[in-house]
Amino acid sequence: MINSIIEAISVSLNSEFGDGYEIHMEEIRQDLMEPCFFISSLEPSSRLYTGKRHFRENPFCIQYFPETDESQRQCNDVAERMQQCLEYIMAEGWGRPMMGTKMKYRIVGGILNFFVNYDCFTYVAEPPQDLMDEMEESISVKEGE
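Going by this note's numbering, the letters in the sequence shown line up with residues -19 to 125, in that order.
Written out as structure tokens, the structure reads:
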């Protein structure tokens, strides 16, 4: 599920910003080509509800590395566009749009850190259980005296 959400975030960012921005899902240690995005999952969690329902919290951080000297200005512009394009995403196998919640951003050292959650309920189906085989029973009545 996490990988399909990351892929959906990537597709949404690509449709908003185009081919001029690289989108990374794995950490790049050197030769980072700016401008670019880096998508990472932050401590997903799951809580069991009644039945087999689970509430899954899926927080993400999307970092944006600007290319200009006016990084503050560019980061603010990109953050506003991200709020629009990440409001709803289509994750593979989900069947309907997932809504981004708890959106916020922070600019630290000229790098935009955009936070968004894609929380959802999931249902875990029980595996089919083997039923008991048929049982034959015979009853005899003891005749009384």
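For glycine and all other residues, C-beta sits at the position ideal for the given N, C-alpha and C.
Only a predicted model underlies this, so the values are computations on that prediction, with no experimental measurement involved.
Would you report the Cα separation of residue i and residue j, rounded to the nearest angstrom?
i	j	result
residue 17	residue 0	11 angstroms
residue 52	residue -10	23 angstroms
residue 87	residue 43	9 angstroms
residue 57	residue -8	17 angstroms
residue 55	residue 90	8 angstroms
residue 66	residue -2	15 angstroms
residue 60	residue -4	12 angstroms
residue -6	residue 7	18 angstroms
residue 25	residue 119	56 angstroms
residue 107	residue 27	20 angstroms
residue 103	residue 117	40 angstroms
Using alpha carbons as the reference points, say which of the options lies closest to residue i.
i	options	result
residue 99	23, -7, 48	23
residue 64	-18, 115, 96, 87	96
residue 70	52, 51, -12	-12
residue 49	76, -18, 42, 14	14
Please return the same chain residues whose Cβ sits closer than 8 angstroms to the Cβ of residue i, not counting the five positions on each side in sequence.
i	result
residue 105	32
residue 68	77, 78, 79, 80
residue -14	5, 19, 21, 40
Use the C-beta contact count for residue i: other C-beta atoms within 10 angstroms, 16 or more gives buried, fewer gives exposed.
i	result
residue 131	What the structure shows of the chain is the stretch from -19 to 125, and residue 131 is not part of that stretch, so it cannot be assessed.
residue 115	exposed
residue 46	buried
residue 85	buried
From the beta carbon of residue i, is the nearest beta carbon of chain C less than 8 angstroms away?
i	result
residue 106	Any reference to chain C falls outside this structure, which holds one protein chain only.
My understanding is that residue i touches residue j, with C-beta atoms under 8 angstroms, so please give their C-beta distance in whole angstroms.
i	j	result
residue -16	residue 75	Not a contact, Cβ separation roughly 12 angstroms.
residue 38	residue -18	7 angstroms
residue 62	residue 94	5 angstroms
Spatial neighbours of residue i within its chain, please: C-beta separation below 7 angstroms, excluding the five flanking residues on both sides.
i	result
residue 29	35
residue 121	none
Excluding the 5 residues flanking residue i on each side, which residues of the same chain have their C-beta closer than 6 angstroms to its C-beta?
i	result
residue 82	97
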